[in-house]
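> Attaching a single structure in structure tokens format; questions to follow.
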Amino acid sequence: MTGHPEQAAAFVANEDRTHWHDQSLWFVRSKRDRQASSIPEWEALREAASAIKTHTLSRLADYLEEFERNATANGIQVHWARDAAEHNAIVHQILSSHGVTKLVKSKSMLTEECHLNPYLEARGIEVIDTDLGERIVQLRKEPPSHIVMPAIHLKRQEIGDLFHIELGTEKGASDPKYLTEAARIHLRGKFMGAQAGLTGVNFAVAETGGVVVCTNEGNADMGASLPSLHIACMGIEKLIPRAADLAIFLRLLARSGTGQPITGYTSHFNGPLRGGEMHVVMVDNGRSRILGQETFRRSLGCIRCGACMNTCPVYRRSGGYSYGYTVPGPIGSILAPQRDPEKYGSLPFASSLCGSCTDVCPVKIDLHHQLLAFRKVLVDLKVVPLAKRLSMAVTGFILARPALYRMGGGLMRAIVPRLPRGLVYGRWNPWGIQRELPPMPKQSFRDLIDKEPS
Amino acid sequence: MSSRNAILEALRQNVPPPASLPAPITTIRYADPIKQFEETLIGAGGALVRGSGAQDLACELSKIEVYASAAKIASLVPGLPSRDVDLNAIQDPHELEGIDVAVIPGKFGVAENAAVWIPGEALGPHRAIFVIVQHLILVVPDSEIVHNLQQAYERLEWKPNSFGTFISGPSKTADIEQSLVIGAHGARSCTVILL
């Protein structure tokens, strides 16, 4: 089984690139800080957002029913999907009943989670991701490496090479303005030819029965306003009670995610186009189970801003693909192992527990506490490798016995400096692959204290 | 059991303890909201024009380069004629492609983020108009600048089967190496005229 360390190995092997990736994300984190500090009520906004999410989760079934009633009154057709398979089947059924062969999509992490694109493609539907970053990774046949900036791992030259092959741009051209213009023309053609548009959902409002979608590019609005068929796909946790609550979340979302005061377009879809159809597909896919777990349910408050990724020292230096899951970074490291603890068991360990994610989270999810708590769950499930479990058991045994600890320390200080290097840094010690032990002190801290005149 | 009922039942079985909604919070006020609006709009890649009154609109528009040089202009501002476009004669929104400029009345602006609220009614017969045109000009009364989004949502009313959008600056992307490029899919420029 390959875990985070193995999947990160190739990325970290290229030191320059790792450094560049780290800096790119830190730049976004710094923009976030400037925006956050420009709002005196920032912390009050975070508190309010957290409280609204906690409240909504405490009445989620009621609010979903309220949303369904009001959405139906708006002329929206509401669908419920227990899992990814049902979600994909519903979307395909809607598309095929309208004879759709070309679909334009704006960003939706939910459809990534459900692997909708390959499902539809296998059934003869052309699916075009229209967010520039998503289109880039789609053309590269890769998943997004970040939930807000899908192509953050790529350099402009790589995108230039890709566009040269795929879109016929000049060989060697890598100017972002030139490449973006080429993508605009290419994708405008796709928009003009599509018979349906699919969008994600940033917020669904129970009170109005409508959904809100935020983009900077305007691609969601193109997809939802040109073809007469609009499908919006959402996880059931995207709900908020009232339209007025949007003020809280929209003030936090873009500031936290990209360091902007708001996204370019914040569109409120409360019904279909004249003569058209609008569908909302609400997906559980494990969320109701997470709701039942006291320690982890707050992860359902996530608004997918990406701030925890941008700030995470591990994400910044290991890249999105090292997580092997749709949502990477700290929040993904809680969500993924809920889905499959065996496959994603290494992710809660891909954290220094520094708490930076918790500090920036706009809805105050206790991310690093959850990561720590999840480690315990994984140890109890015995999905943590035996070597790690054994060393933890030994460490726990020694730390619980002060006399043994003192004796062990003395032995280590005496023996380790005399051991041959091959033994200390042998294969049994993965910690030592990229690190050196500090020189062993002659005395322990306790020895020093004992010698101090009291 | 239907999926709907299965999901609702699972949620009710796993329901967390009750928690109440938070109290409203105190929100930022700017000494000069119009100045804040302008600075934020420029930061978002847009431009602000300050006119003195409604009779000024044609004059201010003629000074905007993209407007003056446009072949096809769709106007949704009452009393302001379109140029070489009849929105009501267009049946299919795809035919909007090729319009250079749209002039759209905004309901109000928000100082903290330079967003202008465009209700669906202001978009005329085709919702896509605000995103498909090459350049966008929004006309907003200068008495209608609120300080923050909380005030904005206090003003909004929700009719059944409606649409509305906040627009803050032109369409943009930073998906290639975090370099900001204006004009991704939607408007290549966004000028707000305060009258």
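Those protein sequence lines, which keep their order, are chains A and B. Positions 8 to 461 (our numbering) are the ones given, in order, by the first sequence. Positions 11 to 205 (our numbering) are the ones given, in order, by the second sequence. We treat Cβ as the ideally placed atom computed from N, Cα and C, and that holds for glycine. Since the model is a prediction, treat every value here as computed from it, not as a measurement.
Three-state secondary structure (DSSP) at A/L246?
Strand at A/L246.
> Are A/M199 and B/E107 close, meaning C-beta to C-beta below 8 Å?
The answer is yes: Cβ separation under 8 Å.
> Taking DSSP as the reference, what is the three-state secondary structure of A/I154?
Here A/I154 sits in coil by DSSP.
> Buried or exposed for A/P151, going by 16 or more other Cβ atoms inside 10 Å?
Buried, by the Cβ-count rule.
> Skipping 5 residues on each side, what residues in its chain have a beta carbon closer than 8 Å to that of A/L127?
So the qualifying residues of the chain are N95, V98, H99, L102, L110 and V134.
> Which same chain residues end up closer than 8 Å to A/I538 when comparing Cβ atoms and leaving out the 5 residues on each side of it in sequence?
Because residue 538 of chain A is not part of the residues shown, which for chain A are 8 to 461, the question remains open.
> For A/F452, which three-state DSSP category applies?
Helix at A/F452.
> Rank B/Q188, B/E48, B/P170 and B/A57 by C-alpha distance to the C-alpha of B/K73 and give the top, closest one.
If we check each option's Cα against that of B/K73, B/A57 comes out closest.
> Between which residues of its own chain and A/S358 is the CB-CB distance below 7 Å, once the five residues before and five after are set aside?
Once the five neighbours on either side are set aside, the close Cβ partners of A/S358 are V321, P337, S340, H375 and L378.
> Hey, quick one: how far does the beta strand (DSSP E) through A/T265 stretch, first residue to last?
That residue, A/T265, is in no beta strand (DSSP E); it is neither H nor E in DSSP.
> Start and end of the alpha helix (DSSP H) containing A/E141?
L139 to L146 is the extent of the alpha helix (DSSP H) around A/E141.
> When the Cα of A/K383 is compared with those of A/G362, A/A407 and A/S353, which residue comes out closest?
Taking only the C-alpha atoms, the option nearest A/K383 is A/S353.
> In the DSSP output, what is B/V113 paired with across the bridge?
Paired residue(s): B/S85 and B/I147.
> Does the CB of B/I186 have a neighbour CB from chain A at under 8 Å?
It does; some Cβ of chain A falls within 8 Å.
> In three-state DSSP terms, what is B/E167?
Correct three-state label for B/E167: coil.
> Quick one: residues in its chain with C-beta nearer than 6 Å to the C-beta of A/E119, no 5 flanking neighbours on either side, listed in chain order?
The residues are T333.
> Could you give the distance in angstroms between the alpha-carbon of A/M399 and the alpha-carbon of A/R195?
Going from the Cα of A/M399 to the Cα of A/R195 covers about 57 Å.
> Please list, in chain order, the residues of the region 97 to 108 of chain B that have any C-beta partner in chain A closer than 7 Å.
Here the close residues are P103, H104 and E107.
> Starting from the C-beta of A/L307, find all residues in its chain whose C-beta is less than 7 Å away, skip the five residues before and the five after it, and write them out in chain order.
So the list reads L64, E244, R294, I297 and L298, once near-sequence residues are dropped.
> Residues in the region 177 to 203 of chain B with C-beta within 8 Å of chain A's C-beta atoms, listed in sequence order?
Listed in sequence order: I177, S178, G179, P180, S181, K182, T183, A184, D185, I186, E187, Q188, S189, V191, G193, A194, H195, G196 and A197.
> Let me check one thing: in DSSP terms, what residues is B/P129 bridge-paired to?
According to DSSP, B/P129 bridges with B/G174.
> Is the shortest distance between the beta-carbon of B/V141 and the beta-carbons of chain A less than 8 Å?
For B/V141, the answer is yes, since a Cβ of chain A falls inside 8 Å of its Cβ.
> Between A/P215 and A/E22, what straight-line distance do the alpha-carbon atoms span, to the nearest angstrom?
In the sequence as presented, Pro is not what sits at residue 215 of chain A; that position holds Thr. Their backbone Cα atoms lie some 50 Å apart in a straight line.
> Residues of chain B with a CB under 7 Å from the CB of A/K184: which are they?
Those are V191, listed as they occur along chain B.
> Quick check: does the Cβ of B/L18 come within less than 7 Å of any heavy atom belonging to the ligand FAD?
This structure simply doesn't include the ligand FAD, nor any ligand for that matter.
> Taking Cβ-Cβ distances shorter than 7 Å, what residues in chain B pair up with A/W87?
Going along chain B in sequence order, the residues near A/W87 (Cβ under 7 Å) are S13, R14 and I17.
> Classify B/G119 as helix, strand or coil using the three-state DSSP reduction.
If DSSP states are grouped into helix, strand and coil, B/G119 belongs with the strands.
> Look up A/W87 in the DSSP assignment and say whether it is helix, strand or coil.
Correct three-state label for A/W87: strand.
> Are the CB atoms of A/G225 and B/S181 nearer to each other than 8 Å?
Yes, the Cβ-Cβ distance between A/G225 and B/S181 is below 8 Å.
> Could you tell me if A/D366 is buried or exposed, where buried requires 16 or more neighbouring beta carbons within 10 angstroms of its beta carbon?
Flag for A/D366 reads exposed.
> B/I38 touches chain A at which residues, Cβ-Cβ below 7 Å?
Neighbours of B/I38 on chain A, chain order: I46, P47 and E48.
> With A/R53 as the anchor, note down where its alpha helix (DSSP H) starts and where it stops.
W49 to S65 is the extent of the alpha helix (DSSP H) around A/R53.
> Tell me, to the nearest whole angstrom, how far the beta carbon of B/V150 is from that of B/V113; I am working on the premise that it is less than 8 Å.
That pair is no contact at about 12 Å.
> With 8 Å set as the bound, which would you pick, yes or no: does the beta-carbon of B/L166 sit closer than that to a beta-carbon of chain A?
By this cut-off, B/L166 is an interface position.
> Should A/Q450 be labelled buried (16 or more other beta-carbon atoms within 10 Å of its own) or exposed?
Its Cβ having fewer than 16 others within 10 Å, A/Q450 is exposed.
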